[in-house]
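In the working numbering, the protein residues as written are 352 to 841.
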Amino acid sequence: MQRAQDATSVVIVGAGIGGLAAALRLAHAGAHVTVLDSHAAPGGKMRTIPSAAGPIDAGPTVLTMRSVFDDLFHAVGLRLDDHLTLCPLDILARHYWPGGTTLDLMADPNDTLARVADVFGTTAADQVRRFSARAARLFDAFEGPMMKTAAPTFGGVAARVMQQPVLLRDMAPHRTLAGLANRSFADPRLAQLFARYATYVGGDPRHTPALLSLIWAAESRGVWTVAGGIHVLAQTLASLAQARGATFHYNTQAHAIETRDGRITGVRTDDGTLPADAVLFNGDPKALHDGLLGDAPKATVQSAQVKPRSLSAHVASFAAKPQGVPLAHHTLFFADDPAAEFAAIARRNTPTDATLYLCAQDHGHRPAGALQRFEIIRNASPLPTQTEEPDQCAKTMFDRLKAFGLTLDAGPVTITGPQEFARMFPGSDGALYGRSPQGTMAAFQRPTARTRINGLYLCGGGTHPGAGVPMAALSARHAAEAMIADLSLT
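Right under this line is the structure:
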């Protein structure tokens, strides 16, 4: 696509999912888009680790809220299905508890309830049904005035609640997600399962608002894998943006966002200053708050918008031949005591008893006995006081899985922990989800797309509407729409 010589020049700092989605939208609108990223490939946290079995996803593994991505492709005149192959999961997740209890949550909600009844009894199935209905009401009520609104207000949410008063009870405003789960389920194992959805956005279930039970509603409406691995989504968005004239510079560090007279003028790199009419920062907003991009943007992000920090993780990526208990694409192996697990993390220690999430990337696609790709995620605090050597971290994880009956004959294991994440994503302190979701007003405290500097915008998991692949893509939509309006793009 040809660009006019006087086309509006936009520099995007960061090629995470937010930066990529915004680059595609802005290039389609006629802007001259340049994307800078310090890494060697697009995707940000949507990264891969090489292995003998092929590239292993070492960050997000699946998509929820598919409509967000259908809307993105539609906005630029495309169909998602013409560029990506999404495969729905029949088993949303398999769960193992110490002692041998197993439960699958299914894409078919009636199937889920039948399985809960078989494992925990009919009373438990009724409790899951009521909890799911509550989560669905919350999701349907707040998807518009919260997630799909560029700058949500307490008044807007209050107006929605006044229209449907049952929502006030559903929100349980004085309860945490752990508290709501404990009240909703007689069996502590089910409470542990549904409280854990707080970790999907980097929260401790004991301090995350009960409102975030709506995360279960988002997952229950469908989970999709991307053929070839989720990193293919990042590669596809980058290619489509390039086809519309966007330019990508990898292995390029942005050192400062420069201004003159209160307006953006460009971004300084090792090769000099790249002039810009507008800059979109797709990184952790705390990097701006800390002055890592120069003094000018510091005042655009307040401390309360980026603190306290969310959870981090130890991520193991490896190829192996599994033996023992049957796996699904997503399998969770629960800790004995979730309270002890999160108490240790809150003290910035490594929990000795931790839940492990395992992604079997090749589940159902390779024969038994073949080498397969795996990712294990264990929650951690950002920049913990204790450091665990990579070999010991892998041994702890594998020993824990062996106690459940799963043996992984693994080759080299790559461990990425909070310290490594802090180095890869400046300003993050190793936190993977930006600001913690703790506190009843957390949803209103994240930065939004527009800033107080004329021409500087934000997107990504640390900005509104929050963490997760679909949320980052929504933040890109908010930022791109604001920039298109402010810069008079078409």
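Ideal Cβ placement from N, Cα and C applies to all residues, glycine included.
- Message: Please return the same chain residues whose Cβ sits closer than 8 Å to the Cβ of glycine 720, not counting the five positions on each side in sequence.
- Response: To locate residue 720, count along the sequence shown from 1; it is residue 369. Contacts found: Lys672.
- Item | First through last residue of the beta strand (DSSP E) which encompasses cysteine 438 | Here residue 438 is taken as the residue at index 87 of the sequence shown, counted from 1. Where cysteine 438 is concerned, the enclosing beta strand (DSSP E) stretches over 437-439.
- Can you give the Cα-Cα distance for glycine 395 and glycine 812, rounded to whole angstroms? In the sequence shown, residue 395 corresponds to position 44, counting from 1. In the sequence shown, residue 812 corresponds to position 461, counting from 1. Roughly 11 Å between the two C-alpha positions.
- Does the beta-carbon of leucine 371 have 16 or more other beta-carbons within 10 angstroms, so that it is buried, or is it exposed? Taking the sequence shown and counting its residues from 1, the one referred to as residue 371 is at position 20. The residue is buried, with at least 16 neighbouring Cβ atoms inside 10 Å.
- Query: Which residue's Cα is closest to the Cα of valine 413: Lys746, Leu443, Ala686, Ala695?
  - Reply: Position 62 of the sequence shown holds residue 413. Answer by Cα proximity: Leu443.
- Query: Is the beta carbon of alanine 782 less than 7 Å from the beta carbon of arginine 660?
  - Reply: Here residue 782 is taken as the residue at index 431 of the sequence shown, counted from 1. Here residue 660 is taken as the residue at index 309 of the sequence shown, counted from 1. Yes, Cβ-Cβ distance for alanine 782 and arginine 660 is below 7 Å.
- Simplified DSSP assignment, three categories, for alanine 700: In the sequence shown, counting from the first residue as 1, residue 700 sits at position 349. Correcting the residue identity first, residue 700 is asparagine in this sequence and not alanine. In this structure, asparagine 700 counts as coil in the three-state DSSP scheme.
- Leaving aside the five residues before and after aspartate 641 along the sequence, list all residues of the same chain whose C-beta is less than 6 Å from its C-beta, in chain order. Taking the sequence shown and counting its residues from 1, the one referred to as residue 641 is at position 290. Within the same chain, aspartate 641 has close Cβ partners Gly778.
- Query: Can you give the Cα-Cα distance for arginine 354 and valine 512, rounded to whole angstroms?
  - Reply: Translated into positions along the sequence shown, residue 354 becomes position 3. Translated into positions along the sequence shown, residue 512 becomes position 161. At arginine 354 the pLDDT is 41, less than 50, meaning the model places this residue with poor confidence and gives no usable figure here.
- Per-residue DSSP class, three states only, for methionine 352: Counting from one through the sequence shown, the residue named residue 352 turns up at place 1. In this prediction, methionine 352 has a pLDDT of 32, which is less than 50 and means its spatial position is unreliable; what the coordinates show is noted afterwards. Three-state result, methionine 352: coil.
- Can you tell me whether leucine 519 is buried or exposed, with buried defined as 16 or more other CB within 10 angstroms of its CB? The residue you call residue 519 lines up with position 168 of the sequence shown. Leucine 519 comes out exposed.
- From the DSSP output, which residues share a beta bridge with glycine 507? Within the sequence shown, the letter at position 156 stands for residue 507. According to DSSP, glycine 507 bridges with nothing at all.
- Message: Between which residues of its own chain and aspartate 521 is the CB-CB distance below 7 Å, once the five residues before and five after are set aside?
- Response: Reading the sequence shown from its first residue, position 170 is the one you call residue 521. Around aspartate 521: Arg485, Arg488, Leu489.
- Message: Tell me the rounded alpha-carbon separation between threonine 682 and glutamate 771.
- Response: Taking the sequence shown and counting its residues from 1, one reaches residue 682 at position 331. Taking the sequence shown and counting its residues from 1, one reaches residue 771 at position 420. Their backbone Cα atoms lie some 25 Å apart in a straight line.
- Message: Please report the straight-line C-alpha distance between alanine 529 and leucine 562, rounded to a whole angstrom.
- Response: Position 178 of the sequence shown, counted from the first residue, corresponds to residue 529. Position 211 of the sequence shown, counted from the first residue, corresponds to residue 562. Alanine 529 and leucine 562: Cα-Cα distance of roughly 11 Å.
- How many angstroms separate the CA atom of phenylalanine 493 from the CA atom of proline 718? To locate residue 493, count along the sequence shown from 1; it is residue 142. To locate residue 718, count along the sequence shown from 1; it is residue 367. Phenylalanine 493 and proline 718: Cα-Cα distance of roughly 43 Å.
- Locate the beta strand (DSSP E) running through threonine 624, then write down its first and last residues. Translated into the one-based positions of the sequence shown, residue 624 becomes position 273. Note, threonine 624: beta strand (DSSP E), 623-626.
- Can phenylalanine 669 be considered in contact with the ligand ADP, in the sense that its beta carbon sits closer than 6 Å to one or more heavy atoms? The ligand ADP is not among the ligands present in this structure, which contains no ligands whatsoever.
- Query: When you compare each of Thr624, Ala773, Ser571, Ala695 to valine 362 by their alpha carbons, which one comes out closest?
  - Reply: The count along the sequence shown starts at 1 and reaches residue 362 at position 11. When each option's Cα is compared against that of valine 362, the closest is Thr624.
- Task: Please check if any C-beta of chain B sits within less than 7 Å of the C-beta of alanine 589.
- Result: Absent from the structure: chain B. Only one protein chain is present.
- alanine 818 to isoleucine 368 span [Cα, whole Å]: Taking the sequence shown and counting its residues from 1, one reaches residue 818 at position 467. Taking the sequence shown and counting its residues from 1, one reaches residue 368 at position 17. Alanine 818 and isoleucine 368 have their C-alpha atoms some 11 Å from each other.
- Which residue or residues does DSSP assign as beta-bridge partners of isoleucine 363? Here residue 363 corresponds to residue number 12 of the sequence shown, with the count starting at 1. Answer by DSSP bridge pairing, in chain order: Val386, Leu631.
- Message: Check whether the stretch 618-637 and the stretch 592-607 touch, using three or more Cβ-Cβ pairs below 8 Å as the test.
- Response: A contact exists between the stretch 618-637 and the stretch 592-607.
- Task: Indicate whether the contact test is met: 3 or more Cβ pairs, each with one atom in the stretch 417-431 and one in the stretch 821-835, closer than 8 Å.
- Result: yes
- Query: When you compare each of Leu709, Phe693, Val820 to leucine 759 by their alpha carbons, which one comes out closest?
  - Reply: Taking the sequence shown and counting its residues from 1, one reaches residue 759 at position 408. Of Leu709, Phe693, Val820, the residue nearest in Cα terms is Leu709.
- When the Cα atoms are used, what is the spatial distance from histidine 558 to arginine 595? Here residue 558 corresponds to residue number 207 of the sequence shown, with the count starting at 1. Here residue 595 corresponds to residue number 244 of the sequence shown, with the count starting at 1. Distance between the alpha carbons of histidine 558 and arginine 595 is about 44 Å.
- Task: Within 10 angstroms of the Cβ of threonine 436, are there 16 or more other Cβ atoms? Answer buried if so, exposed if not.
- Result: What you label residue 436 is simply residue 85 of the sequence shown in a count that begins at 1. Classification for threonine 436: exposed.
- Spatial distance of alanine 366 from arginine 572 (CA atoms): Numbered from 1 along the sequence shown, position 15 holds the residue referred to as residue 366. Numbered from 1 along the sequence shown, position 221 holds the residue referred to as residue 572. Answer to the nearest angstrom: the Cα atoms are 28 Å apart.
- Task: Check aspartate 760 in the structure and name its three-state DSSP category.
- Result: Position 409 of the sequence shown holds residue 760. Three-state DSSP puts aspartate 760 in a strand.
- Query: In terms of residues, what are the limits of the alpha helix (DSSP H) holding glutamine 478?
  - Reply: Position 127 of the sequence shown, counted from the first residue, corresponds to residue 478. Per DSSP, glutamine 478 belongs to the alpha helix (DSSP H) from 473-493.
- Task: State the CB to CB distance for the pair alanine 404 and glutamine 723, rounded to an integer number of angstroms; the pair is presumed to be in contact (CB under 8 Å).
- Result: The count along the sequence shown starts at 1 and reaches residue 404 at position 53. The count along the sequence shown starts at 1 and reaches residue 723 at position 372. About 6 Å separates the two Cβ atoms, so the contact holds.
- Item | DSSP three-state assignment for lysine 753, whether helix, strand or coil | The residue you call residue 753 lines up with position 402 of the sequence shown. It is helical.
- Message: By alpha-carbon positions, which one of Met834, Ala836, Leu809 ends up nearest to alanine 823?
- Response: In the sequence shown, counting from the first residue as 1, residue 823 sits at position 472. When only C-alpha atoms are compared, the closest one is Leu809.
- Own chain partners of alanine 731 with C-beta closer than 6 Å, once the 5 adjacent residues on each side are dropped: Start at 1 with the first residue of the sequence shown, and residue 731 comes out as number 380. For alanine 731, where only same-chain residues beyond five positions count, the Cβ hits under 6 Å are Ser663, Ala664, His665, Pro769.
- Note down, in chain order, each residue of its chain lying with its Cβ closer than 6 Å to the Cβ of alanine 523, except the 5 sequence neighbours on either side. For the purposes of this step, residue 523 is identified with residue 172 of the sequence shown, where counting begins at 1. Here the set comprises Leu531, Ala561.
- Message: My parser needs the alpha helix (DSSP H) runs of 4 or more residues fully inside the stretch 627-681; what are they?
- Response: 636-640
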